[in-house]
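S.K.: First to last, the sequence lines map onto chains H and B. Position 130 of the first sequence, counting from 1, maps to 130 under this note's numbering, and the rest follow consecutively. This note's numbering runs 1000 ahead of the 1-based position in the second sequence. Yeah, the Cβ is synthetic: ideal placement off N, Cα and C, and Gly gets one too.
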Amino acid sequence: MLKLEKRPQPSRLWTWAAPLLAVVLTMLLGGALFAALGKDPVEAIATIFWQPLFGEHAFYYRPQLLVKGAPLVLIAIGLALGFKAGIWNIGAEGQYIIGALTGAAVGLAFYPLDAWYIFPLMVMVGALGGWLWAMIPALLRVQFGTNEILVSLMLVYVAEQLLAAMALGPLKNPDGYGFPGSRNFQEYPAAHNAEILGGTGMHWGVVAALIAVIFAYILLGRHILGYQIRLTGQAPRAARFAGVSPPRLILFCLGTSGALAGLAGLFEVSGPAGQVSIDFNVGYGFTAIIVAFLGRLHPVGIALAGLLMALTYIGGEIAQSNLGLPSAAIQMFQGMLLFVLLAVDLLTNYRIRFKAAQVA
Amino acid sequence: MDLGSINPVLLLASLMVAATPILIAALGELVAERAGVLNLGVEGMMITGAICGFAAAVNTGSPLVGFIAAALGGAGLSLLFAFLTQIALANQVASGLALTLFGLGLSALLGQGYQGIKPPPTGKLDIPLLGDIPGLGPVLFGHDIMVYFGLGLCAAVWGMLKYTRAGLILRAVGENHDAAHALGYKVVRVRILAILFGGACAGLGGAYISLIRVPQWTEGMTAGAGWIALALVVFASWKAGRVLLGAWLFGGVTVLQLNLQAAGSALPVEYLSMSPYLITILVLVIMSADKPRAPASLGRIFHASQ
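#1: Along chain H, which residues have their Cβ under 7 Å away from the Cβ of B/Tyr1277?
#2: Using 8 Å as the limit for Cβ to Cβ distance, is B/Glu1029 near chain H?
#3: Express the C-alpha separation of B/Gly1203 and H/Met309 in angstroms, rounding to a whole number.
#4: In its own chain, which residues sit with a C-beta less than 7 Å from the C-beta of H/Gly129, not counting the 5 before and 5 after it?
#5: Over what stretch of residues does the alpha helix (DSSP H) that includes H/Leu2 continue unbroken?
#6: Let me know if H/Lys84 comes out buried or exposed under the rule of 16 or more other beta-carbons within 10 Å of its beta-carbon.
#7: Report buried or exposed for H/Ser245, applying the criterion of at least 16 other Cβ atoms within 10 angstroms of its Cβ.
#8: What residues in the stretch 27-53 of chain H have a beta carbon less than 9 Å from any beta carbon of chain B?
#9: Any Cβ of chain H within less than 8 Å of the Cβ of B/Gln1086?
#10: On a Cα-Cα basis, can you pick out the residue from H/Leu29, H/Leu163, H/Ser11 and H/Pro52 that is closest to H/Gly316?
#11: Measuring CB atoms only, is the stretch 1079-1094 of chain B touching the stretch 1240-1259 of chain B, in the sense that at least three cross pairs come out at less than 8 Å?
#12: In the DSSP assignment, find the unbroken alpha helix (DSSP H) run with H/Tyr117 in it and report its ends.
#13: Find the residues of chain H that neighbour B/Val1285, judging by a C-beta separation of less than 9 Å, and give them in chain order.
#14: Looking at the C-beta of B/Ile1169, does it have a partner C-beta in chain H at a distance below 8 Å?
#15: Residues of chain B with CB under 8 Å from H/Ala164, in chain order?
#16: For H/Pro19, is the classification buried or exposed, using 16 other Cβ atoms within 10 angstroms of its Cβ as the cut-off for buried?
#17: Could you pull out every residue in the same chain whose Cβ sits closer than 8 Å to the Cβ of H/Thr146, ignoring the five residues on either side in sequence?
#18: Take the Cβ of B/Phe1197 as the centre, count every other Cβ of all protein chains shown within 10 Å, and call the residue buried at 16 or more, exposed below.
#19: In chain order, which alpha helix (DSSP H) runs of at least 4 residues are fully inside the stretch 1218-1244 of chain B?
#20: If I'm right that B/Ala1056 touches B/Val1042 with Cβ under 8 Å, what's the distance once you round it to whole angstroms?
#21: Apart from the five residues on each side of it in sequence, which residues of its chain come closer than 8 Å, Cβ to Cβ, to H/Ala76?
#22: Assign B/Ser1273 to one of two classes, buried (16 or more other C-beta atoms within 10 Å of its C-beta) or exposed (fewer than that).
#23: Around the C-beta of H/Gln331, are 16 or more other C-beta atoms found within 10 angstroms, so that it is buried, or is it exposed?
#24: Helix, strand or coil, according to DSSP, for H/Phe354 in the structure here?
#25: For my contact list, H/Asn184 and H/Gln275 are in at a C-beta cut-off of 8 Å; report their separation, rounded to the angstrom.
#26: Within 8 Å (strictly less), CB to CB, does B/Phe1067 reach chain H?
#27: Would you say B/Gln1112 reaches chain H, if we count a Cβ-Cβ gap shorter than 8 Å as a contact?
#28: Quick one: which chain B residues come within Cβ less than 8 Å of H/Asp345?
#29: Against chain H, with Cβ distances strictly below 8 Å, would B/Val1234 count as a contact?
#30: Chain H beta carbons: is any one of them nearer than 8 Å to that of B/Ser1265?
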C-alpha cells in the first residue's frame, strides 16, 4: 500500500528536480494532446521547443525569446515576493495595462517634442501607475481586511475596460483616420523603447528584468525584509511574534509587484507592441503566475522559467503557422504545465512509502 | 439619455435571468467552501461548462442534454482540482488558479468551429394564469426552467446545510477537519464530493450563459462571472439565502448598466461595463468591514498523518 509521509523539511533535491520532471511530463501529456488533435506529437513538440532555438530561422526567433521573456520575468519576480508571504496578487494583468496606459499617456503628451528625459519619465510614470493600481487591493486589505485575490482580479476587468475607453478616446491617434489605437511609438524616437543592440531583442525591459532578478535575489537571500517575507509565508504567527508588521509587508509586496507589472506594461507598449490598442495585452500577467511557480518563487528559477515560457509562446506561434496547431492548444499546454508541477510537488513535501496495510 | 425607455417590469424580469448563472455557480462554490475547500477555479469550470453544454446542445439539438453535459464537464474539470488538493495535497490557491488558466485554454480549444452558431432554444415555462398577472407575471412566472432550478437549488442547499445529517457532516469537515476525522468521517471523501458538486454547478452556470443568456459561443465569454460568484460567497458570509440576495444585486447592476447603454447614456459604454466589477469590490469592502466568519478549515490542507 502507498503511504504518504510528511517530510520534516522540503526535499532540496526535489525542489529543483520537480520543475524539470514537470516539464518532461507536460511534454508527454502535451504530445498526447497534439496527437489527439491529429498532429504528429514528436514533430509538434520539436517545433515548439527545438525550432526557435536551433531551427532554420533561429536567428530570428532567439531575440524574440528575450522580448517575450522579459515581461514574464519582470511580473513574475514581483508576484513571487507576495506568493512567498501568502499575499496573492493575481491582478498583475490589470497593473500591466495601467502601467502601459499611464506611461504611454505621458509620452504622448510630449509629442512631438524631442528630449532625452521623455522615455525615463515614461518609465517612472509607468511603474507609478502599476504601483497605484496595486495599492487599491493593498490598502483595502490593510484597512478593511478585504480579500486581495478577488479585488486585484476584479480590477483586471476594470483595467481592460479603461484600456478600451482610452484606445478609442483620449489616447486615440489624432492622425489615425479614425482607427482605434494611439500613435505608434516607433515613429516617435524620444519615447520609443528601441533595441539597445540591433537584432538582439535586448530592449530596456530586458535590462529591467535582469536588474529585478538581481535585486530580488539579494532581497530574499540577504535582506531582513526578504527574511520577513519568507517567515510570514511559513509561519505567520511566529512572524508576528518576531515583530513583523503584516500591513507593511502587504503594502510592500503588492506595491512592488504592481510597480514591476506596470514597468513590464510600459516597456511592452512603447517597444514590441508599439502602440496602445484595445488588445495589446496578451495575458502576460496571468502566464507570469505559472512562471513564478515554475521558477519555485526563486529569482534565478523565475528567469529560467520565464525563458522557457517565452519559448512555448514562440514555438507555439511557429507550430500554429507550420502545423496548423490552434493557439488555444498552447494556452492549454501552459496551463497543463502548472497542473503537473503542482502534482509533482507532492514529492518535495512528502515521502512516498510502500507499506503493508496494518491492522489497527 | 432616455430613461423613460427603461421598463421596470422588463428590468426586474431580466434581473432574474442575469442573476441565475452566478447564483448557480456561487451555490456550488458555497458548498465546497463550507466543506473547507477554496476552489478558485470557478471561472475555468464555468467556461468549460459553457462550451461543453453548448457543443452538446448544438450536436443533439436538446438543451437538456446540453445542461447535463455542462454539469459533467464542470465536474470533470473539478476532478483535476480534487486530485491536486486532496490526493496530491497541493496548495489550494495555486491549484485553483491553475484550473482557471487550464479551463480557459481547454474551452478555447473545444470551442473551435462553434463560433457564430445559434444553440437550440430552451423552452420558457409559461404558466397559464400566473404568467398573465400584470407586472408580477413576467417578473416571476415567465422564465425558462433554469431560473426556477436556480431558486430550487438555493432552497435545497440551504435546507441541506441547515437540517440534514449530511449537511452537518459537511460543515463539521469544513470547520475542523481534524475533529471530523477523529469522529470517523471521511474528510477527503466528503471534500471530493463537495468539489464535484461545485464543479457541476459552475458548469451549469456557464452553460446558462452560453445557451440561454447570450446565447452563442465566444472565447472567454464568462468574462469574470466565475470570480463574481466567488465574491458572492464571501458577500453572503457563507449562507445560501444571502447568496440569492447577492446574485439579485449583481444581476440588477448588470441589467441596469446594459439598459443604460441601450438608452444612450452620456457615459461611454466602457465605463458602464466596469460597474459590475466595481460594485463587487465595493460590496466586498463593506462586507469585510464587519468581519464575516469563514469556515475555520477553509483552504487548509488535510493529511491524516498524525
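M.R.: So, from the listed chains and residues:
#1: To locate residue 1277 of chain B, count along the second sequence from 1; it is residue 277. Result: Met154, Tyr157 and Val158.
#2: Taking the second sequence and counting its residues from 1, the one referred to as residue 1029 of chain B is at position 29. Chain H contact via Cβ: absent.
#3: Within the first sequence, residue 309 of chain H is the residue found at index 309, counting from 1. Within the second sequence, residue 1203 of chain B is the residue found at index 203, counting from 1. Taking the straight line from one Cα to the other gives about 29 Å.
#4: Numbered from 1 along the first sequence, position 129 holds the residue referred to as residue 129 of chain H. Excluding its 5 nearest sequence neighbours in each direction, H/Gly129 has C-beta neighbours in its own chain below 7 Å: Ile98, Gly99, Leu101, Thr102, Gly103 and Gly262, listed in chain order.
#5: As a first step, residue 2 of chain H is located in the first sequence; it is residue number 2 there, counting from the start. Here H/Leu2 belongs to no alpha helix (DSSP H); instead the beta strand (DSSP E) covers Leu2 to Lys6.
#6: To locate residue 84 of chain H, count along the first sequence from 1; it is residue 84. Taking all protein chains in view, the Cβ of H/Lys84 is crowded by 16 or more other Cβ atoms within 10 Å, so the residue is classified as buried.
#7: Taking the first residue of the first sequence as position 1, residue 245 of chain H is located at position 245. In the assembly as shown, H/Ser245 is an exposed residue. Its beta-carbon has fewer than 16 other beta-carbons within 10 Å.
#8: The residues in question are Leu33 and Leu37.
#9: By 1-based counting over the second sequence, the position of residue 1086 of chain B is 86. By this cut-off, B/Gln1086 is not an interface position.
#10: In the first sequence, residue 316 of chain H corresponds to position 316, counting from 1. Distance check between H/Gly316 and each of H/Leu29, H/Leu163, H/Ser11 and H/Pro52 places H/Pro52 closest, using alpha-carbon atoms only.
#11: Contact between the stretch 1079-1094 of chain B and the stretch 1240-1259 of chain B is absent, because fewer than three Cβ pairs lie under 8 Å.
#12: The residue given as residue 117 of chain H occupies position 117 in the first sequence. Premise fails: H/Tyr117 is in no alpha helix (DSSP H) and is neither H nor E.
#13: On the second sequence, position 285 is the one that residue 1285 of chain B refers to. Result: Leu140, Gln143, Phe144, Thr146 and Val151.
#14: Here the question's residue 1169 of chain B lines up with position 169 in the second sequence. For B/Ile1169, the answer is no, since every Cβ of chain H falls outside 8 Å of its Cβ.
#15: Looking up residue 164 of chain H in the first sequence gives position 164. For H/Ala164, the chain B residues whose Cβ falls inside 8 Å of its Cβ are Glu1270, in order along the chain.
#16: To locate residue 19 of chain H, count along the first sequence from 1; it is residue 19. So H/Pro19 counts as buried.
#17: Numbered from its first residue, the first sequence carries residue 146 of chain H at position 146. Cβ neighbours of H/Thr146 beyond the five flanking positions: Pro137 and Leu140.
#18: For the purposes of this step, residue 1197 of chain B is taken as the residue at position 197 of the second sequence. B/Phe1197 is buried by the Cβ-count criterion.
#19: Assignment of alpha helix (DSSP H) within the stretch 1218-1244 of chain B, counting only whole runs of 4 or more residues, yields 1225-1235 in chain order.
#20: Counted from its first residue, the second sequence places residue 1056 of chain B at position 56. Counted from its first residue, the second sequence places residue 1042 of chain B at position 42. With 8 Å as the limit, B/Ala1056 and B/Val1042 do not qualify as a contact, their Cβ atoms being about 21 Å apart.
#21: Translated into the one-based positions of the first sequence, residue 76 of chain H becomes position 76. In chain order, Ala288, Ile289, Val291, Ala292, Gly295, Ile302, Ala305 and Gly306 place their CB closer than 8 Å to the CB of H/Ala76, counting only its own chain and leaving out the 5 sequence neighbours on each side.
#22: As a first step, residue 1273 of chain B must be located in the second sequence, where it is residue number 273. Flag for B/Ser1273 reads buried.
#23: Here residue 331 of chain H refers to the residue found at position 331 when the first sequence is read from its first residue. Of the residues assessed, H/Gln331 falls on the buried side of the cut-off, its CB having 16 or more other CB atoms within 10 angstroms.
#24: As a position in the first sequence, residue 354 of chain H is number 354, starting the count at 1. Correct three-state label for H/Phe354: strand.
#25: As a first step, residue 184 of chain H must be located in the first sequence, where it is residue number 184. As a first step, residue 275 of chain H must be located in the first sequence, where it is residue number 275. Contact flag correct, Cβ pair sits at about 5 Å.
#26: Counting from one through the second sequence, the residue named residue 1067 of chain B turns up at place 67. For B/Phe1067, the answer is no, since every Cβ of chain H falls outside 8 Å of its Cβ.
#27: Here residue 1112 of chain B corresponds to residue number 112 of the second sequence, with the count starting at 1. Nearest CB-CB separation between B/Gln1112 and chain H: below the 8 Å threshold.
#28: The residue you call residue 345 of chain H lines up with position 345 of the first sequence. Neighbours of H/Asp345 on chain B, chain order: Ala1088 and Ala1090.
#29: Indexing the second sequence from 1 puts residue 1234 of chain B at position 234. It does; some Cβ of chain H falls within 8 Å.
#30: One-based indexing of the second sequence puts residue 1265 of chain B at position 265. No, because no Cβ of chain H sits closer than 8 Å to the Cβ of B/Ser1265.
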